[in-house]
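Below is one structure, written out as structure tokens; comments come after it.
Residue numbers (the working numbering): 20 to 525.
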């Protein structure tokens, strides 16, 4: 039975996670004003968003270790303290590099918060009710980023871009203070040394990998070499990233035999988890590319104000927020596939509508396409997260949640960077042929959205391999090996009533 203490812990984590995840996309609408104020190009400015996601991808693999080494209260304190410090740096940043540094510190706190929330919920809530409570978590994961542009646009209509961080700062401080007073320890700390080599390989792997992906298709390589291909720096970085990640996998495979892995890769021995992760990689790459590109197009091509752009993103965010709890309840009844496949189909249709953009496209077309895409995403997030984590034994929940967060951020960073680079490259070509800057950005955005839609079609095919987890979800806590078939774990009526209460309160 879930105690009032556990309900309080979940609620506080949910609110805190909403604040830090909201910050992930709050700069998307603000990029053009920041570019004008700090004299930045599109490729440089997008690192304020891509660098945030990249940092999360580097830090998230550490969360499995942190949640084993420190108590719930200690992990929460680390996360919110880092986020608050990073926000202060962003408020005071005099230029691009200090601003980027502040975003990186913010990302370190955000990276710790989400796996902490998901692991805590999976441990405290009966498996038969995971879908309902994970539906509320989907509000954090999907709706908070979607509302970022709306809130940003409203603030930028009467304040400079620093006002975004001025707004977030007191909220972060309040969440930290209240959490320190109210958070109870769901689990206690256990001595567990970190493997330094694994940490180094993780950082050296993910960083150069995304940098290399950004350079491929971008105009930096062409400018440096005078050719149409990527520059040698991008190819070298990509190679370093791939090799380092291969060594990281080798190291984790060796360490997990002694239960000392920084990121336990035995999670991939479970088929449903593996398929769900592949689906997340493709979907997040397509989605975050769209989130980054759309505000740039709306402001630089259609000449819309930041307030208008934010308002155009609002209907989609509201749809995801209102639908998430209902989708969670549907998942508990019908499983993942009846929701995933049509949801991904709607995502593809929405992106295809937005791929028709030009220099005189009606804003209503963009709103309609974004709304259709958001309806699809509302059907996708809860089934995907719940199926992935619910297929694992309890002993692998921390590593599973860390893995899910890692692939989300790497795929989002890579997708956003590559689509922006593709847009910039095509825009440069159009301008070289005598077209205007607006015509170039419109043409590049259209092609980038088409590529994103193609990625969406791939996700539909992948979703057909998702299966419903055995009744009541994951294996019992005393079953450490994921290769074994999970046995049903009975949930008492009291457990289910408590889960219903938690879902209703959240």
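Cβ atoms here follow ideal geometry from the backbone N, Cα and C, with glycine treated the same way.
The straight-line gap separating the alpha-carbon atoms of residue 65 and residue 116 is approximately 13 Å. For the pair residue 46 and residue 26, the Cα-to-Cα distance works out to about 32 Å.
With fewer than 16 other CB atoms across the displayed protein chains lying within 10 angstroms of its CB, residue 177 is exposed. Taking a C-beta distance under 9 Å as the contact criterion, residue 36 and residue 141 do not qualify as a contact pair. Distance from the CA atom of residue 156 to the CA atom of residue 69, rounded to whole angstroms, is 23 Å. Membership of residue 289 in any alpha helix (DSSP H) is not indicated, and neither H nor E is assigned to it by DSSP. Residues 478 of the same chain have their beta carbon placed closer than 6 Å to that of residue 302, with the five preceding and five following residues left out of the count.
Just so you know, the alpha carbons of residue 153 and residue 488 end up roughly 15 Å apart. DSSP assignment within the region 295-337 yields no whole alpha helix (DSSP H) run of 4 residues or more.
Per the coordinates, the alpha-carbon of residue 319 lies some 11 Å from the alpha-carbon of residue 48. Inter-residue distance for residue 353 and residue 175 is about 43 Å (C-alpha atoms, whole angstroms). Taking a cut-off of 8 Å on C-beta distances, the region 377-387 does not touch the region 267-275, as fewer than three cross pairs fall below it. The beta carbon of residue 403 sits closer than 6 Å to those of 295, all from its chain and outside the five residues before and after it, given in chain order. Apart from sequence neighbours up to five positions away, the residues of its chain that approach residue 419 with a beta-carbon distance below 6 Å are 286, 408 and 411, ordered along the chain.
For the pair of segments examined, the region 392-406 was found to touch the region 359-373: the number of CB pairs separated by less than 8 Å reaches three. Boundaries of the alpha helix (DSSP H) around residue 61: 61-64.
The three-state secondary structure of residue 42, taken from DSSP, is coil. Segment contact: the region 467-475 against the region 304-315, three or more CB-CB distances shorter than 8 Å; contact assigned.
In this structure, the beta-carbon distance from residue 223 to residue 260 falls below 9 Å. For residue 427, the closest alpha carbon among the candidates 80, 61 and 34 is that of 80.
For residue 275 and residue 310, the gap between their C-alpha atoms comes out near 37 Å. For residue 460, the enclosing alpha helix (DSSP H) begins and ends at 456-482. For residue 269, the uninterrupted alpha helix (DSSP H) segment begins and ends at 251-274. A Cβ-Cβ contact shorter than 9 Å links residue 385 with residue 313. Of 169, 72 and 31, the smallest CA-CA separation from residue 430 is found for 72.
Comparing C-alpha distances from residue 189 to each of 390, 110, 475 and 231 shows the shortest one belongs to 110. Nearest neighbour of residue 129 by Cα position, chosen from 437, 105 and 184, turns out to be 105. Classified as exposed, residue 383 has fewer than 16 neighbouring CB atoms from the shown chains inside 10 Å of its CB. Burial state of residue 283 is buried, judged by a 10 Å Cβ sphere holding 16 or more other Cβ atoms. In this structure, residue 194 sits near residue 34, with a CB-CB distance shorter than 9 Å. Exclusion of the five residues before and after residue 415 leaves 283, 285, 286 and 501 as the residues of its chain whose Cβ lies within less than 7 Å of its Cβ.
A buried status is given to residue 389, since no fewer than 16 other beta-carbon atoms sit within 10 Å of its beta-carbon. Under the three-state reduction of DSSP, residue 356 is assigned to helix. With respect to residue 443, residue 475 sits apart: the two C-beta atoms are not nearer than 9 Å.
For residue 142, the enclosing alpha helix (DSSP H) covers residues 115-143.
Distance from the CA atom of residue 41 to the CA atom of residue 251, rounded to whole angstroms, is 36 Å.
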